[in-house]
Amino acid sequence: MRVSAASARTPLIEPGPRCPAPAARRNASLVIWAYSSGMLQPDQPHPRSAPDPPDPSRSAEAGTGRLGGWWRGLRPESRDLGLVGLGFTGAFLAALATDAFDQLYDFAHRHEDWELDEILAALLIMPFGFAAYAIRRLQDVRREMALRRQAEAEARQLAVHDALTGLPNRRSLADGLQRSLARARREGGAVAALMVDLDRFKPVNDLRGHAAGDRLLRMVAERLLGTTREVDLVARLGGDEFAIAGYFGSEQAPDALAAEGAAGAGGPEDAAEAASRLARRVVAALEEPFDLRDGAASVLVGASVGVALASEVEGGAEELLRRADLAMYRAKADGRACFRFFEPEMDTRIRHRAEMEAELRRAIAGDELVPHFQPLVALGAGRRIVGLEMLVRWPHPVRGMIPPAEFIPIAADTGLIVPMTERLLRQACRAALSWPDEISLAVNVSPIQLRDRALPSLVAAVLADSGLPARRLEIELTETGLVENFEMARDLLTELKALGVRLTLDDFGTGYSSLRHLQTLPFDQIKIDAGFVRSMAASPESGKIVAAVVGLGHSLGLPTVAEGVEDAATAAVLARMGCDIGQGWFFGAAVAEAEAGRLVRDRAALAS
């Protein structure tokens, strides 16, 4: 923020490195006397009686700082005043003669403050009318210089600091890491880079508003500063990502970590222990609730932390940050709210992931991914097929059939899940059109697609293009996508329901707000998580949970589907519980489109 001219006013006389204190006091006395007598008013207009400014270039002595006839015309007693500044005053008067502010500014910008003070003192010995005008112009220039310096300081601050939190930014962090790495090479110490990514920031930003999100980020910054050592550098990289740079060497001063038992002896093992303690403190600090002071409940955010530790890294600071970033993603994959150290195999994994992503993009564009279909079987008498669930398969031309678990997470993380689902949905709807009319098609929708407001329009367009009746399409949604942005998910589900499609709550029982979803969202069916179904034989508690979900579904008028049925005994138990539909290897694996068509037509013929 720019400061006002009044607040930026520069003192008229200020002792500088070449302005002796006695001279400064003498000049200050002259200025006070001149102002108190009313003869010097910087804000008064240019006096009409003021003489024309002298032209120092016409004086033979201008180069030595003398002002020629102008100087000799002064009274003898005046020549003893302001002698220090005459060397600069001639040039200033030459600039003043143009009466161009830019030239005056350029002149002042090239001189130190103490030089301008000496010019001011020298002006006091000149005729007061002209001196008043010259002093006013000089002070105008100095005020503008103060304002510009303030703006430049703010620009420098913004260049190396985050505007929201005031923390150093990525550029400052990289510079600090480079200096620490250089020090580590000299002293045999170690450098740690910690990448900190908030786990549940987006729901706060979406549901409580950007102002609450900004407030949370500032509170996270304060908490990180309170958790780390004074010698650590805490930075915000952008979004909900922070970083910490720490040096651990043989000469490090005692700090909070040392007080906790970190020896800080400089060896790799000691540095790893100290970095572990630091990371553990960060995770624990960010697990505590945040009161956003907006009248709503406190929020739990948490963070995943990646740690990279090295004394010398080829590639410098950026390489160290890259390693910390990889370790942070491992922490997220391992359940979040934890920290992980970088390990060399992470590089191999990330290269493999990058290759897989590139191949997946090509596969989607080339329609290499194909839909397979697994039967959904009624558990009552006759056990007839009532529907098929579409499951994606990738027959790679070189690697063979690639399991979905290897590429679905990549598709979800990169956003490729959206074009992939659209292509597969179109193929599946066209295939289902040839099935008997009573056979439904179930399709999974990724949580990321519940953040896409175009989802209902896409489904409507696919149904119109394929000719499949909306009532035969079942869309399955997991609780994860509902929790991330409940309001948007509710709106999208309402729009989908209006199209006439059926909605299934998938993996029921694995989320913490399942009952709320059943109460407030327009679901038609509940699908019990396969983990509970598979463990029923070994775990009586799992059997009780499945029975409770089946009973809940009946009380709400919602059919229940049990996935993960792998043997006849499990199917029989589910049937006795009153579960409506079963799915799993016992009833058949997912098969290609042609075989699925034969399967439902043959079963329909047998049932008739």
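Residue 5 is where the sequence shown starts when you use the numbering used here, and the numbers rise one by one after that. Glycine included, C-beta positions come from ideal geometry on N, C-alpha and C.
Check: If we count the other Cβ atoms within 10 Å of its Cβ and call it buried at 16 or more, is Leu364 buried or exposed?
Finding: With 16 or more other Cβ atoms within 10 Å, it is buried.
**Request:** Would you tell me roughly how many angstroms separate the C-alpha atoms of Thr169 and Gly250, rounded to the nearest one?
**Result:** 20 Å
- Query: Taking all protein chains shown into account, do 16 or more other C-beta atoms lie within 10 angstroms of the C-beta of Ala25, making it buried, or fewer, making it exposed?
  - Reply: In this prediction, Ala25 has a pLDDT of 41, which is less than 50 and means its spatial position is unreliable; what the coordinates show is noted afterwards. Counting Cβ neighbours within 10 Å, Ala25 comes out exposed, since fewer than 16 surround it.
Open item on the list: According to DSSP, simplified to helix, strand and coil, what is Ile617?
Closed with: Because the chain is modelled from 5 through 612, residue 617 falls outside the range shown and cannot be assessed.
Task: Helix, strand or coil at Ser302 [DSSP, three-state] - done: coil
What whole-angstrom Cβ distance do Asp244 and Leu202 have, given they're in contact under 8 Å? 4 Å
* For Thr677, which residues does DSSP report across the bridge? -> Outside the displayed span of the chain (5 to 612) sits residue 677, for which this structure offers no information.
Q: Compare the beta carbon distance of Leu503 and Val463 with 8 Å and say whether it is the shorter of the two.
A: yes
**Study point:** the segment 380-396 in contact with the segment 422-438 per 3-pair CB rule at 8 Å
**Key:** yes
Output yes or no for whether 8 Å exceeds the beta carbon distance between Met492 and Ile414.
no
Note to self: Below 8 Å on the Cβ atoms is my contact criterion, and I expect Arg538 with Gly568 to pass it. Report the Cβ-Cβ distance as a whole number of Å.
What the structure shows: Contact between Arg538 and Gly568 holds: their C-beta atoms lie close to 5 Å from each other, under 8 Å.
Close Cβ partners of Ser546 (< 7 Å) along its chain, the five nearest in sequence each way excluded: Phe536, Ser539, Met540
Q.
My assumption, with CB atoms under 8 Å, is that Phe527 sits in contact with Leu507. Please give the rounded CB distance.
A. 5 Å
Exposed unless 16 or more other CB atoms sit within 10 angstroms - verdict on Met350: buried
Q.
Give me the DSSP bridge partner(s) of Ser308.
A. Asp201
Worksheet item: Tell me which same chain residues have a C-beta within less than 6 Å of the C-beta of Val554, skipping the five on either side of it?
Response: Result list for Val554: Thr564, Met581, Gly582, Cys583, in chain order.
| field | Beta-carbon proximity check, Ala283 vs Val238, cutoff 8 Å | value | No; because the gap between Cβ atoms is not below 8 Å, this pair is not in contact.
Subject >> 3 or more residues per run - each beta strand (DSSP E) lying fully within the segment 448-528 >> reply: Runs of the beta strand (DSSP E) lying entirely within the segment 448-528 and spanning at least 3 residues, in chain order: 477-482, 506-512.
| query | Under the rule that 16 or more other beta-carbon atoms within 10 Å means buried, what is Glu599, buried or exposed? | reply | exposed
Sequence-distant residues of the same chain with beta carbon closer than 7 Å to His376, five excluded per side
Leu395, Arg397, Ala594, Val595, Ala596.
(message) Could you give the first and the last residue of the continuous beta strand (DSSP E) run that contains Gly230?
(response) Element bounds for Gly230: not the beta strand (DSSP E) but the alpha helix (DSSP H), 214-231.
- Express the C-alpha separation of Ala288 and Leu241 in angstroms, rounding to a whole number. Between Leu241 and Ala288, the alpha-carbon positions lie close to 21 Å from each other.
For this session: Could you name the residues of the same chain whose beta carbon sits closer than 8 Å to that of Ala367, not counting the 5 residues immediately before and after it, in chain order?
Result: Leu373, Trp398, His400
Measure from the alpha carbon of Ala278 to the alpha carbon of each residue in Ala358, Leu181, Leu313, then state which is nearest. Leu313
Can you grab the Cα-Cα spacing for the pair Gly471 / Arg327, in whole Å? Approximately 51 Å, taken between the alpha carbons.
Please classify Gln523 as buried or exposed, where buried requires at least 16 other C-beta atoms within 10 Å of its C-beta.
exposed
Using 8 Å as the threshold, is the C-beta distance between Gly485 and Pro451 below it?
Yes, these two residues count as a Cβ contact at 8 Å.
query: Can you round the beta-carbon distance between Leu290 and Val305 to whole angstroms, since I take them to be within the 8 Å contact cut?
result: 6 Å
- prompt: Okay, do the segment 178-197 and the segment 215-227 touch, 3+ Cβ pairs below 8 Å being the bar?
  reply: The answer is no - the segment 215-227 does not touch the segment 178-197, with fewer than three Cβ pairs under 8 Å.
What did DSSP end up calling Glu245 once you bin it into helix, strand or coil?
strand
Legend entry - Between the CA atoms of Lys206 and Arg297 - distance to the nearest angstrom: 18 Å
**Message:** Between which two residues does the alpha helix (DSSP H) holding Glu349 run?
**Reply:** 349-369
**Q.** Cβ-Cβ distance between Ala566 and Gly586 below 8 Å
**A.** yes
Can the beta-carbon of Val309 be found less than 8 Å from the beta-carbon of Phe343? yes
Which residues share a DSSP beta bridge with Gln587? Glu567
Fill in: Reduced DSSP secondary structure (H/G/I, E/B, other) of Arg387
coil
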